[in-house]
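This report concerns only the one structure given below.
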Amino acid sequence: MKYIEEYRDADLTNKLLKELGNVITRDWTLMEVCGGQTHSIIKSGLDQLLPKEINLVHGPGCPVCVTPLELIDKAIALASRKDVIFTSFGDMLRVPGSSRDLLSVKAAGGDVRILYSPLDSLKIAQENPDKTIVFFGIGFETTAPPNAMAVVQAKAQGINNFAMLVSHVIVPAAITALMESPDVMVDGFLAAGHVCAVMGYWEYEKLAEKYKIPIVITGFEPVDVVHGILKCIRQLENNEYKAENAYARSVVREGNPHAQAIINRVFELCDRTWRGIGVIPQSGYRLRQEYADFDAELRFPEIQSIDTKESQLCISGLVLQGRKKPHECSAFGKECTPQTPLGATMVSTEGACAAYYRYGRYSNK
Amino acid sequence: MTDKPNIAAWTCPRPLQNYPTIVLGHGSGGKMMDDLIKHLFSPAFDNDLLAQLNDSTAIDLTDIFKAIPSNRLAFTTDSFVVSPLIFPGGNIGELAIFGTINDLAMSGAKPLFLSAGFILEEGLPMETLGLIVNSMAAACKLSGVKIATGDTKVVNRGHGDGLYINTTGIGIIPEGINISAKYAKPGDAIIINGSVGDHGMAIMSVRSGLEFETTITSDTAPLNSLVDLILDITNEIHCLRDATRGGLAAVLNELAAASIVGIEFDEKAVPILPEVNAACEMLGLDPFYIANEGKMVVVLPENKAEEVVSAMRKHPLGKNATIIGNVVENHPGLVTARTSIGGMRVVDLPAGELLPRIC
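Chain order of the listed sequences is A and B.
Remember, the numbering used here sits 86 above the position in the first sequence when you count from 1.
Remember, the numbering used here sits 1 above the position in the second sequence when you count from 1.
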């Protein structure tokens, strides 16, 4: 497949790995921010091919994983209502709330539907005028533009039986939180290429400067990941720290102005709770006042009181901060498997725990 | 309906096309049901066994056992609930015939007789039913099996998804053939007969309204003639499995677990159509987990593998047959894959329903 197979090429990967081996002189800890990268690293077996000096830790960039339990429980409460059709991206359906998941709500008679685009919710809303269609608006800056577009379109077309349960989060705030945390020992970041395709990377320049840490904008295929790692290690070995683009085929410094404009039109910054981490100030989006009519939490005020706390056994917070590896959890592969997930990191295929479970058990033995 | 129904005319049956849809009366056991059988099912599935029209069908096995020495039956059942009923490359009826034939063939059996049970939903267009039944008949003819008995029920509108079909199949396993998921041995080669993921992605792209530049078509096909061809070369086939739900990954995991062996395969060796690969990439799905309806895994001693593969390639359903990996002593119960960049990964059983990733 064009633009994919070329970046899964063994020769090119090995060439970059060899160069990496020549450059590196000591141990370095890098965090790949995005779950998509974690997935790719483990799925391609890249973790076994990297120089042993490189310690990769897996960051909080899986939107499914960081969505707080409380929001999942709110989603479940809404999806259980007879007057609601609940729509969501697929992998949110299996994330456990405090007692069940959206798939079991569906089995119990709730109308829960998987969508590929949030805009499909509007079509469903027009076809079902007697129901309220609630879309689970989660994700990073990548899903924010289409989600914002759905709200703009709903307003423009007067589709009032549509609402969104919003739990958007943003990457730079997470990097800041990690850097401010005294326990996080990360020497460099691989930033998420697709997030930067939307937002650009000028914000990361400030972060790199402030925390004196290399941040390399990195893609998702094995060649992309090794390329990002190589650039990051070069900076570290040369005692440099800057935001650098290793994903130039998709990312420019300023990002996509149209996508940013629609995000800013619909959303504003707010404090958000991250599952397993806690509240990070100004780390997410909520709907602006002009679009408050489409806020599911205002439309159904009774769900506002839902305030769930998390499992004691699950260390997904530490995993998401890169302080623990998935297999260092006592429940990993025992109480907690993709069939019986205790935390969201075991649910999404992007979740670090699921990726380790699915692909990595061989090498961890 | 154009004509005013003339009740008297039903004793001299009128063409069924006059009913635009299935109604509850078609399952009532009365004249309407009789009409359905006489005008649709019987002419389509026409054979001496079905013509007995008894509560159960009596089958004389003398000639069959004379032709194929055997003392073992293969017996299997499967229910088909696919939605949409008609999809690119096939329909639920064809699937119901080929699916059960393939299950029989995977024991090395010669498929002989099928039953067909229909659960029809009130309101199902007669035209759709006609199309599906006729393609089931064509599927039977193609694969040389007879529908020996059948049943029809009608459920209220809203209680079914148009049409469900159950088929049960009986075949005979010729002497000297011993195929089981338990018989994989370290050193065995693993063959697949062609590209994986076609059926699942054909269904998923229709269901989700995804549009690609080319249509992905289902690989629905009867594998019995391909199995015959393989068994003509050698009886030393250890395992056969059709890679339906759960795809290639599920089958390899089942074999590894049942035989208590490890399995290693090479990702790059597994044929995947570019359009299927593209659709999987777009939805964040792994083609190894996507369903097939005309693909099978063959496990056999390595020294027979090349000969079998080159023979399979001469068959229309084995044109892209290839060796994808080996059975190993290491990591019993675990399936691993060599990745495109030369790493190794575990290919686990799918956890549940495949859920498209968010981004």
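Virtual Cβ for every residue (Gly too), placed ideally from N, Cα, C.
> T216/B by DSSP, collapsed to three states: which one?
Replying inline: coil
>> Between I173/B and chain A, is the shortest Cβ-Cβ distance under 8 Å, so that the two count as touching?
In response: no
> Hey, A222/B and G295/B are a contact pair by Cβ (cut 8 Å); roughly how many whole angstroms apart?
Replying inline: 3 Å
>> Is S341/B close to chain A? Criterion is C-beta to C-beta, closer than 8 Å.
In response: yes
> Beta-carbon separation of A161/A and L188/A under 8 Å?
Replying inline: yes
> Using a beta-carbon distance below 8 Å, is Q123/A in contact with chain B?
Replying inline: For Q123/A, the nearest beta carbon of chain B is not closer than 8 Å to its own beta carbon.
> Near P112/B, what residues of its chain come up, given a Cβ to Cβ distance below 7 Å and the 5 sequence neighbours on each side ignored?
Replying inline: I102, L105, A106, S144, V146, G170, G172 and N225
> Can you list, in chain order, the residues of its chain whose CB lies under 7 Å from that of L106/A, leaving out five sequence neighbours each side?
Replying inline: P137, V312, I315, L316 and I319
> What residues from chain B crowd round L132/A, counting only those whose CB sits closer than 9 Å?
Replying inline: T340, I342 and G344
>> In this structure, how does DSSP classify E122/B when only helix, strand and coil are distinguished?
In response: Strand, per DSSP.
>> Can you check whether the C-beta of K192/A is within less than 8 Å of a C-beta belonging to chain B?
In response: no
> Can you pull the DSSP bridge partners for D79/B?
Replying inline: Answer by DSSP bridge pairing, in chain order: T168/B.
> Since R444/A meets chain B, which of its residues come closer than 7 Å, beta carbon to beta carbon?
Replying inline: V347 and D349
> Does E265/B have its Cβ less than 8 Å from a Cβ in chain A?
Replying inline: By this cut-off, E265/B is not an interface position.
>> I'd like to know whether the C-beta of R94/A is nearer than 8 Å to at least one C-beta of chain B.
In response: yes
> If you drop the 5 nearest sequence neighbours on each side, which residues of the same chain put their C-beta closer than 7 Å to that of L322/A?
Replying inline: W114, D273, G274 and P300
> Going by beta carbon distance, what residues of the same chain come within less than 6 Å of G263/B, once the five residues before and after it are set aside?
Replying inline: For G263/B, where only same-chain residues beyond five positions count, the Cβ hits under 6 Å are V329, N331, H332, P333 and L335.
> P461/A touches chain B at which residues, Cβ-Cβ below 9 Å?
Replying inline: Residue 461/A lies beyond the range of chain A shown here (87 to 451); nothing can be said about it.
> Out of D393/A, M178/A, I261/A and T124/A, which has the shortest C-alpha to C-alpha gap to K298/A?
Replying inline: For K298/A, the nearest C-alpha among the options comes from I261/A.
> What did DSSP end up calling G364/A once you bin it into helix, strand or coil?
Replying inline: In the structure shown, G364/A adopts extended strand secondary structure according to DSSP, grouped into three states.
> At a cut of 8 Å, does the segment 336-348 of chain A reach the segment 356-367 of chain A through at least three beta carbon pairs?
Replying inline: no
> If you draw a straight line from the alpha carbon of Y20/B to that of E123/B, how long is it in whole angstroms?
Replying inline: CA-to-CA, the gap between Y20/B and E123/B works out to about 12 Å.
> Can you name the start and end residues of the beta strand (DSSP E) that I325/B belongs to?
Replying inline: T323 to V329
> beta strand (DSSP E) containing F306/A: first to last residue?
Replying inline: No beta strand (DSSP E) contains F306/A, which DSSP labels as neither H nor E.
> Do you know whose CA, among E307/A, M271/A, D310/A and A259/A, lies nearest E289/A's CA?
Replying inline: A259/A
> With 16 as the cutoff for other CB atoms within 10 Å, does E414/A come out buried or exposed?
Replying inline: exposed
> What three-state label does DSSP hand P317/B in the structure shown?
Replying inline: Residue state for P317/B is assigned as helix, using DSSP reduced to three classes.
> How is the alpha helix (DSSP H) around P149/A delimited, first residue to last?
Replying inline: P149 to V152
>> In whole angstroms, give me the CA-to-CA distance for G91/B and S219/B.
In response: 6 Å
> Taking N135/B as the reference, which of V228/B, K269/B, G94/B and G201/B has the closest Cα?
Replying inline: G94/B
> Are V298/B and R242/B touching if we call contact CB-CB under 8 Å?
Replying inline: yes
>> Just to make sure I have the definition right: I need the residues of chain A whose C-beta is within less than 7 Å of the C-beta of S209/B. Which are they?
In response: Y202
>> Let me make sure I understand the geometry here. Which of I401/A, N108/A and K420/A has the alpha-carbon closest to that of G437/A?
In response: I401/A
>> Using a Cβ-Cβ cutoff of less than 7 Å, which residues in the same chain neighbour V82/B once the five nearest sequence positions on both sides are dropped?
In response: D162 and Y165
> Can you name the start and end residues of the beta strand (DSSP E) that N331/A belongs to?
Replying inline: A329 to N331
>> Using the three-state DSSP reduction, which class does V143/A fall into: helix, strand or coil?
In response: In this structure, V143/A counts as strand in the three-state DSSP scheme.
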